[in-house]
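Residue numbers (the working numbering), protein chains in the order written: chain A, 1072 to 1278; chain B, 1072 to 1278. Every residue, glycine too, gets a C-beta built ideally from N, C-alpha and C. Because the structure is a prediction, the values reported are computed rather than measured. So the structure is just underneath, and the comments pick up after that.
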DNA sequence: TGACATTCTGAATCAAAATTCATTTTCTAA
DNA sequence: TTAGAAAATGAATTTTGATTCAGAATGTCA
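Below is the structure:
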């Protein structure tokens, strides 16, 4: 009985924490970190201002923790999705697909990831453990290595290709999200994938 | 004589204005827009806080003007440099070269461009004319169009390729700048260019 | 040189919002 | 049921930093 109740308490606690994090992500994404007031988030989450400080040290901490949970969740989803693909090259392509789907459904997440991800170098120095994209890059690089072993990729530089893939996706999605969806994501993705696959040179073309 | 003196005055004025802009760029780059105090910039520029307001309406205005001058200057330099190349494909490659050189010399400019560009999405709504990267992208897209006409590029999508080029460069340089130069820029650039030129595929696939 | 204009200064003002904490509400367990 | 613990509240406090402006410094020119 004690056990049950105690776990119920934990549940409730984490529920409140969770509500705050969700509200934080959405509000940060919509208004930007600095324009978001703690009271905005509190209202959104249905708690009092002070309650936020029971779960998070301060506003910076809230940003970091929110991001961390967001990334963890998304990376997990991404892994599950890509694991289904037969070849590693296809998993790499799936990386794009996943984000297109995700951001089409929730553009504010695109904005959050693309914009709030970038903090000043001072911020990074203050919180050296805050390396939000690193896990993403690492995962990408693992896929690339495997795809090379598999023989479907030529011997390109792993880091360079991961930068191309991540950087392009990130930039295209930022443009798309901050400019109010000025183009269709899906065909754009196809065109980008085509270039990354086959290169831009005319000479290689054989038709 | 009066003419001479008056122009000397203008000179002096623009010198002070210039000092403020330079200090602004460097400080915004290091700390981010919102964490930068006007007093930081003033101190850096060697003027009083109030002086800043003689040259700029407010903090927003200062950011916009700083960015504008930075971009204009750099774009001008870039144009002059690329104009020397014989083919448009080579001009495209030069686009990378230029930024590698620029950012190696002044990493904080890389940070400013990459970070403030993003953080300032909030400015897009408030100041619709503030579209700092647009001119860059437009220039890139012009080069791509010409290169296609020239026959050195296959018929790739212009916007897609511009996103790949700009996004990759932007991301790689941001990584490089915020992580304290963890790799050599020049070889990294070569590896990236190789992939963008020739694609990542081991075997040319037809699908 | 001296009257006037221009430029600069930085302390004082003011607003916004992060954070705290005395109080209230809710929960726990005997 | 109830005393005590834990969690939550939100008004009050504090911090922060943009902006102003009265006065000082400097420049102009007859």
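- For the region 1231–1248 of chain B, residues whose beta-carbon sits nearer than 8 Å to a beta-carbon of chain A comprise 1231, 1232, 1234, 1235, 1237, 1238, 1239, 1240, 1241, 1242, 1243, 1245, 1246 and 1248.
- A distance below 7 Å between beta-carbons, with the five flanking residues on each side excluded, links residue 1164 of chain B to the following residues of its chain, in chain order: 1264.
- Shortest Cα-Cα distance from residue 1259 of chain B to any of A:1223, A:1096 and A:1233 involves A:1233.
- The beta carbons of residue 1248 of chain B and residue 1174 of chain B sit about 7 Å from each other, so the pair counts as a contact at 8 Å.
- In the three-state DSSP reduction, residue 1188 of chain A falls in the coil class, being neither helix nor strand.
- Burial check for residue 1197 of chain B: the Cβ neighbour count within 10 Å stays below 16, so the residue is exposed.
- Taking a 10 Å sphere around the C-beta of residue 1162 of chain A, we find 16 or more other C-beta atoms and assign the residue as buried.
- Between residue 1221 of chain A and residue 1252 of chain B, the alpha-carbon positions lie close to 32 Å from each other.
- Shortest Cα-Cα distance from residue 1177 of chain A to any of A:1262, A:1244 and A:1226 involves A:1244.
- By the neighbour-count definition (other C-beta atoms within 10 Å, threshold 16), residue 1211 of chain A is a buried residue.
- Between the alpha carbons of residue 1090 of chain B and residue 1112 of chain B lies a gap of roughly 10 Å.
- Cβ atoms of residue 1097 of chain B and residue 1179 of chain B come within 8 Å of each other, at about 6 Å.
- In terms of CA proximity to residue 1085 of chain A, A:1122 leads the group A:1108, A:1099 and A:1122.
- Against chain B, a Cβ distance below 8 Å from residue 1193 of chain A picks out 1101, 1102, 1103 and 1106.
- Across the region 1206–1226 of chain A, CB contacts with chain B closer than 9 Å involve 1208, 1215, 1218, 1219, 1222, 1223, 1224, 1225 and 1226, in sequence order along the chain.
- Separation of the CB atoms of residue 1269 of chain A and residue 1270 of chain B is rounded to 4 Å, and the pair is thereby assigned contact status at 8 Å.
- Close to chain A, meaning a Cβ-Cβ distance shorter than 8 Å, is no residue of the region 1108–1129 of chain B at all.
- Spanning the alpha carbons of residue 1183 of chain B and residue 1205 of chain B requires a straight line of approximately 16 Å.
- For residue 1161 of chain B, none of the residues of chain A pass the 7 Å Cβ criterion, the least Cβ distance being about 13 Å.
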